[in-house]
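Here is the structure we will look at.
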Amino acid sequence: MDAQLKRGFLDVCVLASINRQDSYGYQIVKDVPSSLHLTESTLYPLLKRLESAGLLTVYAIEHNGRLRKYYRITPAGVTYLDEFLKDWDDVLDVYEYVKRGANR
Numbered sequence: 001m002d003a004q005l006k007r008g009f010l011d012v013c014v015l016a017s018i019n020r021q022d023s024y025g026y027q028i029v030k031d032v033p034s035s036l037h038l039t040e041s042t043l044y045p046l047l048k049r050l051e052s053a054g055l056l057t058v059y060a061i062e063h064n065g066r067l068r069k070y071y072r073i074t075p076a077g078v079t080y081l082d083e084f085l086k087d088w089d090d091v092l093d094v095y096e097y098v099k100r101g102a103n104r
């Protein structure tokens, strides 16, 4: 999968995972579709970027004597997901166009 395309999908998949429930890094890696090959080394910079963009917030809870960072989607993050879903029909149109051209 193209790196730019993958990056866009990773953003929305991570936000969708957190939208279901607040979550932490390892759990997010497990929740995101394996076809995107998300690793923790890829996830944490992505989470930082989404936090900087105001799409999620971070808080810590003690777990087994250690602090675990949890991520929560913000209203702006929910709007981002909503916009992605509104644009999805356009993405499918492009996909169908390319598929018709490739199957000549």
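Under the UniProt record's numbering, the letters of the sequence shown match residues 1 to 104, in that order. Ideal Cβ placement from N, Cα and C applies to all residues, glycine included. These figures come from a predicted structure and were not determined experimentally.
Helix, strand or coil for residue i, going by three-state DSSP, please let me know.
i: T57; result: strand
i: L67; result: strand
Distance check for residue j and residue i, CA to CA, integer angstroms please.
i: V29; j: T39; result: 6 Å
i: L15; j: L67; result: 22 Å
i: E51; j: R7; result: 16 Å
i: Y44; j: D11; result: 12 Å
i: A76; j: E83; result: 10 Å
i: R100; j: L36; result: 25 Å
Once you ignore the five residues that flank residue i on each side, which residues in its own chain have a CB closer than 8 Å to its CB?
i: residue 110; result: Look at the range of the chain in this structure, 1 to 104, and you will see that residue 110 is not part of it.
In terms of DSSP beta bridges, what is residue i paired with?
i: E62; result: L67
i: I73; result: L56
Got a sec? Which residues, its chain only, sit under 7 Å from residue i by beta carbon, not counting five neighbours each side?
i: G54; result: T74, A76
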